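All residue numbers for the sequence shown refer to my numbering, where the first residue is 6 and numbers rise by one.
Comments concern the structure below.
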Amino acid sequence: MPNNNVTEQIAQLLGVEFPPPLDPSEIKSLQKALPGYQAVADDAARFCQNHADALLEQQGC
Numbered sequence: 006m007p008n009n010n011v012t013e014q015i016a017q018l019l020g021v022e023f024p025p026p027l028d029p030s031e032i033k034s035l036q037k038a039l040p041g042y043q044a045v046a047d048d049a050a051r052f053c054q055n056h057a058d059a060l061l062e063q064q065g066c
């Protein structure tokens, strides 16, 4: 382990793979919403707004 940087040491200790950083173009593609995702999120937000009282009551708030 002496030649590894701290991040690699932690990844090895936890038994996880530390992939290389993404290219800027790969990051930009992840920022785009998947088709239909925005509509689902909008529907969920609208549902939460319309039923906020019942949802909060269910949570005991």
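Ideal placement from N, C-alpha and C gives every residue a C-beta, glycine not left out.
Predicted model, so just to flag it, every value in this text is computed and none were measured.
Same chain, Cβ closer than 6 Å to residue i, five either side skipped, listed in chain order
i, result
"MET6", "For MET6, the pLDDT reaches just 44, beneath the cut-off of 50, and the residue's location in the model is therefore unreliable, although a value from the coordinates is still provided. Cβ within range, chain order: GLN14."
Contacting residues, own chain, Cβ-Cβ under 8 Å from residue i (five flanking each side not counted)
i, result
"GLN64", "none"
Residue i (DSSP reduced to helix, strand or coil)
i, result
"VAL22", "Per the sequence presented here, residue 22 reads as Glu, with Val not at that position. It is coil, neither helix nor strand."
"LEU39", "coil"
Bounding residues of the alpha helix (DSSP H) (the contiguous stretch that carries residue i)
i, result
"ASP48", "42-55"
"LYS127", "The question about residue 127 has no answer here: the residues shown for the chain are numbered 6 through 66."
Same chain, Cβ closer than 7 Å to residue i, neighbours up to 5 away in sequence not counted
i, result
"CYS53", "LEU60"
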